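Numbering (my numbering), first residue to last: 8 to 330. All C-beta atoms, glycine included, are put in the ideal place defined by N, C-alpha and C. For clarity, every value in this text was computed on a predicted model and none was experimentally measured. The block underneath contains the structure these notes are about, expressed in structure tokens.
Here you go:
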């Protein structure tokens, strides 16, 4: 923020020329948003793959860099290029994800004309009404002010917002963006289920039929589960092997392991369904009438599946299994 404030004192327009790889794009959009918060106009210079400003000038001279500088595009337009290249604007779910990537930059723009232009451009490319986007930006800002407390103006709460609001994305064009949020934390239910399977391998086949290894959010629990499902002696990575050894050494205290297996698997499946229902609620704001009907049917089917797993009363309570 301090560097952005200093730059803004000397110029209104800043051209960013980071590397074109994933870390470079992450730095580009992070710096771009901070400069927008200071009222600057920000453009992005796209360097050739494998080049940075130093190597470009040393091999091609100042003329090579000046030529690329003349082709620089606005930072928001650069984000639009990336989401379009990934094909996110072709589907309803993709448009929602694309807007989640674009909205932080709209929100960062403090110049009212720049913000208006960004909203108009996002509405044009996504097909979402300007009024809806303006309301969404306003809701995000209200959440940001409520959650930042003593943090500085405009500081992103993406690292600790507890899952509310859109995440910022960065990344290479091929990757289509990498979420800036940290990896998922340890999940007690996942640990309990992996511990159970290590202690009672005869339950592995039943677990494999009940819940896929991809349902595990923690990468090491997922890797251990994949190894168990495949009948491997150990996982491939050292951290997963250490986790395997740690859990295998712990005594099993559950008196009804099969019930614990069912409870853990059901909770993990319901976790995904709950997230999908929340996503459907967000998509409903953008969907045309016929798409809303399809989304509503999907939401009802998810609710019915949850009731079948838990029973109506337990499903509505949505409690984590107890051991």
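Going by beta carbon distance, what residues of the same chain come within less than 7 Å of residue i, once the five residues before and after it are set aside?
i, result
"residue 271", "196, 199, 200 and 328"
"residue 291", "299 and 302"
"residue 116", "43, 122 and 125"
"residue 161", "Confidence at residue 161 is low in this model, with a pLDDT of 40, below 50, so its placement is unreliable and the value that follows should be read with caution. Closer than 7 Å at Cβ, skipping near neighbours: 44 and 115."
"residue 35", "23, 25 and 51"
"residue 141", "126"
"residue 79", "22, 50, 51 and 52"
"residue 66", "none"
"residue 257", "202"
"residue 286", "none"
"residue 139", "292"
Got a sec? Which residues, its chain only, sit under 6 Å from residue i by beta carbon, not counting five neighbours each side?
i, result
"residue 118", "46"
"residue 284", "306 and 309"
"residue 20", "48"
"residue 245", "none"
"residue 247", "227, 230 and 231"
"residue 59", "26"
"residue 77", "none"
"residue 16", "none"
Classify residue i: buried if its beta carbon has 16 or more other beta carbons within 10 angstroms, exposed otherwise.
i, result
"residue 3", "There is no way to answer for residue 3, as the model of the chain reaches only from 8 to 330."
"residue 93", "buried"
"residue 127", "exposed"
"residue 120", "exposed"
"residue 104", "buried"
"residue 97", "exposed"
"residue 288", "exposed"
"residue 102", "buried"
"residue 297", "exposed"
"residue 30", "exposed"
"residue 11", "buried"
"residue 146", "exposed"
"residue 111", "buried"
Less than 8 Å between the CB atoms is what I'm expecting for residue i and residue j, so what's the real figure, rounded?
i, j, result
"residue 129", "residue 99", "Contact flag wrong, Cβ pair sits at about 16 Å."
"residue 206", "residue 268", "11 Å between Cβ atoms; not a contact."
"residue 203", "residue 231", "Contact flag wrong, Cβ pair sits at about 12 Å."
"residue 75", "residue 54", "7 Å"
"residue 233", "residue 275", "So it is not a contact: roughly 15 Å between Cβ atoms."
"residue 95", "residue 135", "No, residue 95 and residue 135 are not in contact; Cβ-Cβ is about 13 Å, not under 8 Å."
Just tell me which of the options has its CA closest to the CA of residue i.
i, options, result
"residue 56", "72, 27 and 35", "27"
"residue 51", "24, 62, 19 and 247", "24"
"residue 137", "73, 293 and 311", "293"
"residue 224", "279, 131 and 297", "279"
"residue 228", "216, 217 and 242", "242"
"residue 216", "273, 254 and 104", "273"
"residue 14", "38, 32 and 33", "38"
"residue 143", "62, 16, 54 and 113", "113"
"residue 265", "211, 67, 11 and 286", "211"
"residue 91", "16, 111 and 133", "133"
"residue 281", "311, 257 and 252", "311"
"residue 218", "252, 277, 253 and 255", "277"
"residue 254", "208, 66 and 286", "208"
"residue 87", "295, 62, 68 and 131", "131"
Quick one: what's got a C-beta closer than 8 Å to residue i's C-beta in the same chain, skipping five residues either side?
i, result
"residue 9", "none"
"residue 220", "229, 232, 233 and 236"
"residue 64", "71 and 72"
"residue 304", "none"
"residue 18", "47"
Less than 8 Å between CB atoms is the rule here; does residue i satisfy it with respect to chain C?
i, result
"residue 106", "Although the question refers to chain C, the structure presented lacks it and comprises just one protein chain."
For a test of your reading of the model: does the CB of residue i fall under 7 Å from any non-hydrogen atom of the ligand SAM? Yes or no.
i, result
"residue 52", "Judged by which ligands are present, the structure shown has none, so any question about the ligand SAM falls away."
Would you be able to state if there are at least three C-beta pairs under 8 Å between the segment 259-270 and the segment 236-245? Contact between the segment 236-245 and the segment 259-270 is absent, because fewer than three Cβ pairs lie under 8 Å.
Does the segment 40-55 touch the segment 67-87, meaning 3 or more C-beta pairs lie closer than 8 Å? When C-beta atoms of the segment 67-87 are compared with those of the segment 40-55, three or more pairs fall below 8 Å, so the two segments count as touching.
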